[in-house]
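Per this note's numbering, residue 47 is the first one in the sequence shown, and the count goes up by one each step.
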Amino acid sequence: MAIKDATCPACGKSIKLNDEKPFGFCSFCGHKIDTAEYFSAKVPKASAVQAETDKPELAAAPISAPTPTPAAAPSIKITQDAQSSAISQIEAMFTLCSTEQEYMGLRQRVLDGTYSDQDKAVMVSELDRLMSKRLHDELALEADLPAAKEEVSKLAMGTVLIAVIGLVVTMFFPIALLITAVLVLCCIAGGAKDRKRKKQCVRAHKHLEQYRKLGYKL
Numbered sequence: 047m048a049i050k051d052a053t054c055p056a057c058g059k060s061i062k063l064n065d066e067k068p069f070g071f072c073s074f075c076g077h078k079i080d081t082a083e084y085f086s087a088k089v090p091k092a093s094a095v096q097a098e099t100d101k102p103e104l105a106a107a108p109i110s111a112p113t114p115t116p117a118a119a120p121s122i123k124i125t126q127d128a129q130s131s132a133i134s135q136i137e138a139m140f141t142l143c144s145t146e147q148e149y150m151g152l153r154q155r156v157l158d159g160t161y162s163d164q165d166k167a168v169m170v171s172e173l174d175r176l177m178s179k180r181l182h183d184e185l186a187l188e189a190d191l192p193a194a195k196e197e198v199s200k201l202a203m204g205t206v207l208i209a210v211i212g213l214v215v216t217m218f219f220p221i222a223l224l225i226t227a228v229l230v231l232c233c234i235a236g237g238a239k240d241r242k243r244k245k246q247c248v249r250a251h252k253h254l255e256q257y258r259k260l261g262y263k264l
């Protein structure tokens, strides 16, 4: 087979195409690519170049090759049966995963498999949907991370402010030291929940980033 390097006109990813087949599919976004049209766009038309050289007024001028124009990628057409079959396969594989490492490695397992490019595109898309559903709670925590950080920051600033004011007042009213200590302890105790929430959000974010580095779209 004549496997050649190519670039998906739709998503720009580097892929492999067999120029002996009438068409291929991008294994990343699933777009269908007409191989004959794609590779012909990369080569200047001989007839067009010859026509230019045949013109008397242009005979002495250097001939510049026409700028190749990427072929427009037709939208992928996936039959309902083929799509259902691919979805059923990835759902079965997803169900059999029992450890975090198995879930993380499932996407690469699909891409390395002997499935067609069309099936891979459908399976990867469905896998992203299943994984987002599985990690729904962590996605919610990650979305809440900015607010959690802000709450902890405000609480820390408030605690410091109460302590400073209390120390100043204590210079004139010694009894204020006890009141200040009680207020500071209350702020620290009251912020325990916010600090715990922030830690959960940070852990969720780090966990999700591991999946994203492996190519999952969450």
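Every residue, glycine too, gets a C-beta built ideally from N, C-alpha and C.
Fair warning: this is a prediction, and the values are worked out from it, not measured in the lab.
Give the single residue among the options whose Cα lies nearest to the Cα of residue i.
| i | options | result |
| --- | --- | --- |
| V214 | I79, T226 and C233 | T226 |
| I49 | K59, K239, S60 and N64 | N64 |
| S86 | E148, E66, R243 and L185 | E66 |
| L254 | M169, D174 and F140 | D174 |
| A186 | Q246, K59, F69 and Y84 | Q246 |
| A132 | G151, T141, S171 and M150 | S171 |
| K244 | L264, L229, E188 and S73 | E188 |
| V228 | R249, L176 and G212 | G212 |
| D183 | R249, T53, F218 and I221 | R249 |
Do residue j and residue i come within 8 Å of each other at the CB atom, strictly closer than that value?
| i | j | result |
| --- | --- | --- |
| L191 | H251 | yes |
| L207 | T216 | no |
| C75 | A138 | no |
| M169 | Q135 | yes |
| C233 | G204 | yes |
| L152 | C143 | yes |
| F69 | T81 | yes |
| S178 | L264 | yes |
| K62 | D51 | yes |
Kindly give me the distance between the Cβ atoms of residue i and residue j, rounded to whole angstroms, as I take these residues to be in contact under 8 Å.
| i | j | result |
| --- | --- | --- |
| D240 | V198 | 5 Å |
Between residue i and the rest of its own chain, which residues show a CB-CB distance below 8 Å, the 5 nearest in sequence each way excluded?
| i | result |
| --- | --- |
| G236 | L201 |
| M150 | Q256, Y257 and L260 |
| L176 | I136, E137 and F140 |
| Q129 | V168 |
| Q154 | L260 and G261 |
By Cβ distance, which residues of its chain are closer than 6 Å to residue i, with the 5 residues on each side in sequence left out?
| i | result |
| --- | --- |
| S121 | Because the pLDDT of S121 is 43, which lies under 50, any placement of that residue in the model is unreliable, and the question is left without a value. |
Identify, in the order they occur along the chain, each residue of the same chain with its Cβ nearer than 7 Å to the Cβ of residue i, setting aside the five sequence neighbours on each side.
| i | result |
| --- | --- |
| S73 | I61, L157, D163, K166 and A167 |
| F219 | none |
| A209 | T226 and V230 |
_Does the region 193 to 205 come into contact with the region 155 to 164, if we say contact requires no fewer than three beta-carbon pairs (one atom in each stretch) closer than 8 Å?_
no
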